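According to the working numbering, the sequence shown is numbered sequentially starting from 112.
Built from N, CA and C at the ideal position, the CB exists for glycine as well.
All of these numbers come straight from a predicted model, not from anything done at the bench.
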Amino acid sequence: MCPNRRATPPKTSMRTIAIIAAACAAVATVLIAIRGISGEASADPTTAGVAQHGSGHTTTSGALGQSQAGPQPVTEVDKTFLIKVRQAGLWEIPAGRLAQTHASSDAVRRAGLHLIDGHSKLDQLVREDAQILGVALPNQATPEQQGWVTQLDNAHGDEFDRLFANLLRASHGKIFATIGEVRAATQNDLIRRHARQANQTVLDHLEVLEDTGLVETKTFQEVEAAVKPR
Numbered sequence: 112m113c114p115n116r117r118a119t120p121p122k123t124s125m126r127t128i129a130i131i132a133a134a135c136a137a138v139a140t141v142l143i144a145i146r147g148i149s150g151e152a153s154a155d156p157t158t159a160g161v162a163q164h165g166s167g168h169t170t171t172s173g174a175l176g177q178s179q180a181g182p183q184p185v186t187e188v189d190k191t192f193l194i195k196v197r198q199a200g201l202w203e204i205p206a207g208r209l210a211q212t213h214a215s216s217d218a219v220r221r222a223g224l225h226l227i228d229g230h231s232k233l234d235q236l237v238r239e240d241a242q243i244l245g246v247a248l249p250n251q252a253t254p255e256q257q258g259w260v261t262q263l264d265n266a267h268g269d270e271f272d273r274l275f276a277n278l279l280r281a282s283h284g285k286i287f288a289t290i291g292e293v294r295a296a297t298q299n300d301l302i303r304r305h306a307r308q309a310n311q312t313v314l315d316h317l318e319v320l321e322d323t324g325l326v327e328t329k330t331f332q333e334v335e336a337a338v339k340p341r
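See the structure below:
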């Protein structure tokens, strides 16, 4: 008889163990890579497909002033709004500069600096936006606005201060109402953003002009009559 022997389990070779370990490592690497890509895609969903043009307007993917569904309408009211913003800068920037040399009041000179700063920024924006939307802009203020600049240039001291405060307060009061109408009705995202920026700028100018203490009652009445619903 043959002696009894205990059965011994088959031994797994080192090569087989190495193959299994390598396969596990490969699967783990793929899973980590997939999670990393998913994390990057969802990290900031608000910026996906977002672009900016030179002056900081943020827009959805595609051409500025357009939605993903296609071009957004640009109405005659939208176009007129951009033209008015451009013309405002063409006379109010020179008026602000005149305030630095012709005014006797520090408050008027301060208001003039606000006009120069605010309308310089708006003018850059309006030229960029008009180019994007295909709107032709004028290179001159209206004859009436040019006449206001001439009046200011011919005035000095207290006369300049009073004329400046009332001319500019009346002009800003009227355009302030127009901005609200444009923002309420426009269907174009770029016009909405521009109206918001113009609204903030004009509100600042209204306040610094009123801070001069020179705005007369008849100026407020003039603005009220101009913006009253018909």
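Three or more beta-carbon pairs under 8 angstroms between the region 266 to 276 and the region 294 to 307, yes or no?
no
Apart from the five residues just before and just after residue 240, which ones in its own chain have a Cβ nearer than 7 angstroms to its Cβ?
193, 301, 305
Quick one: is residue 159 buried, meaning 16 or more other Cβ sit within 10 Å of its Cβ, or exposed?
Low confidence applies here, because residue 159 scores a pLDDT of 35, under 50, leaving its location unreliable and the question unanswered by this model.
Residue 279 classed as buried or exposed, judged by whether at least 16 other C-beta atoms fall within 10 angstroms:
buried
Give a yes or no on whether the minimum CB-CB distance between residue 184 and chain C is below 9 angstroms.
No chain C appears in this structure, which consists of one protein chain only.
Please state whether DSSP places residue 210 in a helix, a strand or coil.
helix
Within a Cβ cutoff of 6 angstroms, which residues of the same chain sit near residue 246, ignoring the five residues on either side of it in sequence?
190, 193
With a 10 Å radius around its C-beta and 16 neighbouring C-beta atoms as the bar for buried, classify residue 60 as buried or exposed.
The structure shown has nothing for residue 60, since the chain only spans 112 to 341.
Quick one, which of 334, 325, 323, 183 has its alpha-carbon nearest residue 244's?
183
Might you give, ordered along the chain, the residues of its own chain that have their beta carbon closer than 6 angstroms to the beta carbon of residue 292, omitting 5 neighbours on each side?
none
Please classify residue 77: does DSSP put it in a helix, a strand, or coil?
Nothing about residue 77 can be reported from this structure: the residues present for the chain run from 112 to 341 only.
Contact under 9 angstroms by Cβ, residue 286 with residue 309
yes
Residue 314 lies in the alpha helix (DSSP H); which residues open and close that run?
300 to 321
Chain-order list of residues whose beta-carbon lies under 6 angstroms from that of residue 340 (same chain, five-residue window excluded):
none
Stretch-stretch touch, CB-based, cutoff 8 angstroms, three pairs: the region 218 to 236 with the region 194 to 207
yes
If you run the structure through DSSP and keep just helix, strand and coil, what is residue 268?
helix
Go ahead and label residue 313 buried or exposed: buried means 16 or more other beta carbons lie within 10 angstroms of its beta carbon, across all protein chains shown.
buried
Chain-order list of residues whose beta-carbon lies under 7 angstroms from that of residue 315 (same chain, five-residue window excluded)
225, 229
What would DSSP say about residue 338, mapped onto helix, strand or coil?
helix
Euclidean distance between Cα positions of residue 298 and residue 185:
8 angstroms
Length of the line joining the Cα atoms of residue 320 and residue 326:
7 angstroms
Buried versus exposed, by CB contacts within 10 Å (16 or more), residue 210:
buried
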